[in-house]
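Colleague:
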Amino acid sequence: MSPNTVDRILDTAERLFARDGYHATSLRKITGAAGVNLGSVNYHFNSKNGLMEAVLRRRLAALNEQRLNMLDAALAFAEAAGRPPTVREVLRAFLEPTLRLLGEDPGNAHFIMLIGRVFYESDDTVRKLFLKAMSPVIGRFFEALGRALPDIPRPVLLRRLLFTFGAMGSTLSLTGRKADLAFPGTPLDWDADHLLQQLLAFAQAGMEAPCPA
């Protein structure tokens, strides 16, 4: 199978998984839309789970590299200044590369919708695959936030980090349903820069909030 055919399978799977959901999308539906046979998909990806994992890793690899590069730069800057990193610096390194997807290649739209589904679908099959791909990155950011907020207990910090992931996922899922959110007299700004600043402010306030008694 040529690389172009592999990409076509991944593109088709990404689009259908994003549009219809993981469980509503059969391998036969994917192969029919991609114009390939079922055996070729099984050969290269082993299973439907393997295909979904490949779909996620294809874009997450580059995205996570950007995140870690930004985090390393923020940590180096803070160390040179003789201080711990700030919460905003750490959160920006995680959130900015994600929100930048909204203003880049239109082909990112399906991936954005797919990531949104990770957080709001009740079945956790895709969520487990997503967290598996994200685990090393989550560990780095959790450690950096611990340095930024040494007085916050680790279990509380982890919970707040997960809340931040949820807010990010909701933001991504809502961008695909703008028309449904057009409240009369209350226009919403979907510009990527504006969304980033609003999400950063929201997440930072949550991270830095005092622990309830």
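Using my numbering, the letters of the sequence shown map in sequence onto residues 2 to 214. In this text, a Cβ means the ideal position worked out from N, Cα and C, and glycines have one as well. Predicted, not measured: the structure shown is a model, and the values here were computed from it.
Considering only residues of the same chain and omitting the five flanking positions on each side of I31, which have a CB-CB separation below 8 angstroms?
Modeller: Around I31: I10, T13, A14, L17, V42, L52.
Colleague: Determine the closest residue to A134 out of V7, L57, A19, with distance taken between C-alpha atoms.
Modeller: Comparing Cα positions, the closest option is L57.
Colleague: Three or more C-beta pairs under 8 angstroms: does that hold for the region 61-70 against the region 147-164?
Modeller: The region 61-70 vs the region 147-164: no contact.
Colleague: With three or more beta-carbon pairs closer than 8 angstroms as the criterion, would you say the region 197-207 touches the region 141-159?
Modeller: Taking 8 angstroms as the limit for Cβ pairs, the verdict is that the region 141-159 does not touch the region 197-207.
Colleague: Take the Cβ of K49 as the centre, count every other Cβ of all protein chains shown within 10 Å, and call the residue buried at 16 or more, exposed below.
Modeller: So K49 ends up on the buried side.
Colleague: Taking Cβ positions, are A193 and L100 nearer each other than 8 angstroms?
Modeller: The answer is yes: Cβ separation under 8 angstroms.
Colleague: For G117, which of D8, V7, D21, T6 has the nearest alpha-carbon?
Modeller: For G117, the nearest C-alpha among the options comes from D21.
Colleague: Give the range of the alpha helix (DSSP H) segment to which T26 is assigned.
Modeller: Neither: T26 is in no alpha helix (DSSP H) and is coded neither H nor E.
Colleague: Could you spell out where the alpha helix (DSSP H) holding S48 opens and where it closes?
Modeller: Neither: S48 is in no alpha helix (DSSP H) and is coded neither H nor E.
Colleague: Would F95 be called buried (16 or more neighbouring beta carbons within 10 Å of its own) or exposed?
Modeller: The residue is buried, with at least 16 neighbouring Cβ atoms inside 10 Å.
Colleague: Under DSSP, the alpha helix (DSSP H) around L146 begins and ends at which residues?
Modeller: Start and end: 126-149.
Colleague: Please list the terminal residues of the continuous alpha helix (DSSP H) segment that includes T99.
Modeller: Taken as a continuous stretch (DSSP letters only), the alpha helix (DSSP H) holding T99 covers 88-101.
Colleague: By alpha-carbon positions, which one of S27, A19, K129, R59 ends up nearest to V7?
Modeller: Nearest option by C-alpha distance: R59.
Colleague: Would you kindly report the start and end of the unbroken alpha helix (DSSP H) that includes D194?
Modeller: Note, D194: alpha helix (DSSP H), 193-209.
Colleague: Buried or exposed: E80, going by 16 or more other Cβ atoms within 10 Å of its Cβ?
Modeller: Answer is exposed; the Cβ neighbour count stays below 16.
Colleague: What first and last residue would you give for the alpha helix (DSSP H) that runs through A82?
Modeller: First-last for A82: undefined, no H or E at that position.
Colleague: Find the nearest neighbour of A74 within the set E90, L61, L132, judged by alpha-carbon distance.
Modeller: Taking only the C-alpha atoms, the option nearest A74 is E90.
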